[in-house]
Amino acid sequence: MSGLIETGTGVTHDPEKESLAEIIKRLNELFTGEGLTNKDRLNYLHTIKDKVMENSVIVSRIEANESADQVMLGDFPAAVQNAVMDSLDTHSGLAENVLRDKEVREMSLHVCYWIRF
Numbered sequence: 012m013s014g015l016i017e018t019g020t021g022v023t024h025d026p027e028k029e030s031l032a033e034i035i036k037r038l039n040e041l042f043t044g045e046g047l048t049n050k051d052r053l054n055y056l057h058t059i060k061d062k063v064m065e066n067s068v069i070v071s072r073i074e075a076n077e078s079a080d081q082v083m084l085g086d087f088p089a090a091v092q093n094a095v096m097d098s099l100d101t102h103s104g105l106a107e108n109v110l111r112d113k114e115v116r117e118m119s120l121h122v123c124y125w126i127r128f
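In terms of this note's numbering, the sequence shown opens at residue 12 and continues consecutively.
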């Protein structure tokens, strides 16, 4: 029986994996710097995304399935920029507290262990 292919020998096309690979490639191109890992880059963007998603106008536009082009014409770029600035202020303040206050530092150690990062 010629022409039959054994199970598992065909190549599958997984768009989700291709999208993830493309995202990682773009992250590496966008965020260069010594010591940055893919996880550093991704965690940073998750932080920004989470902050942007606090904006109900942005969320409603995204949930309405507006195209990326339509969303970019609205408040989205400003919301991302504000999220970057807010994140910088927030993380700087949090880091200062951890470094300055022994009690906060020790509690942070326990929480980090507890969440098993």
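Yeah, the Cβ is synthetic: ideal placement off N, Cα and C, and Gly gets one too.
query	result
Would you check if there are 3 or more beta carbon pairs closer than 8 Å linking the stretch 66-77 to the stretch 95-103?	no
DSSP three-state label for residue 53, please.	helix
Check for me: the alpha helix (DSSP H) holding residue 46 runs from which residue to which?	Taken as a continuous stretch (DSSP letters only), residue 46 belongs to no alpha helix (DSSP H), as it is neither H nor E.
Going by other Cβ atoms of all chains shown within 10 Å of its Cβ, with 16 needed for buried, is residue 63 buried or exposed?	buried
Under 8 Å: do the stretch 48-56 and the stretch 33-40 share three or more Cβ pairs, one atom per stretch?	yes
According to the neighbour-count rule (16 or more other Cβ atoms, all chains shown, within 10 Å of its Cβ), is residue 89 buried or exposed?	exposed
Just curious, the alpha helix (DSSP H) that residue 42 is in, first and last residue?	Careful: residue 42 lies outside any alpha helix (DSSP H) and carries neither H nor E.
For a test of the three-state rule: what should DSSP assign to residue 64, helix, strand or coil?	coil
In chain order, what residues of the same chain lie with their CB nearer than 6 Å to the CB of residue 109, ignoring the 5 residues before and after it?	115, 116 and 119
In three-state terms, what does DSSP make of residue 14?	Below a pLDDT of 50, predicted positions are generally treated as unreliable, and residue 14, at 48, falls in that range; no measurement from the model is reported.
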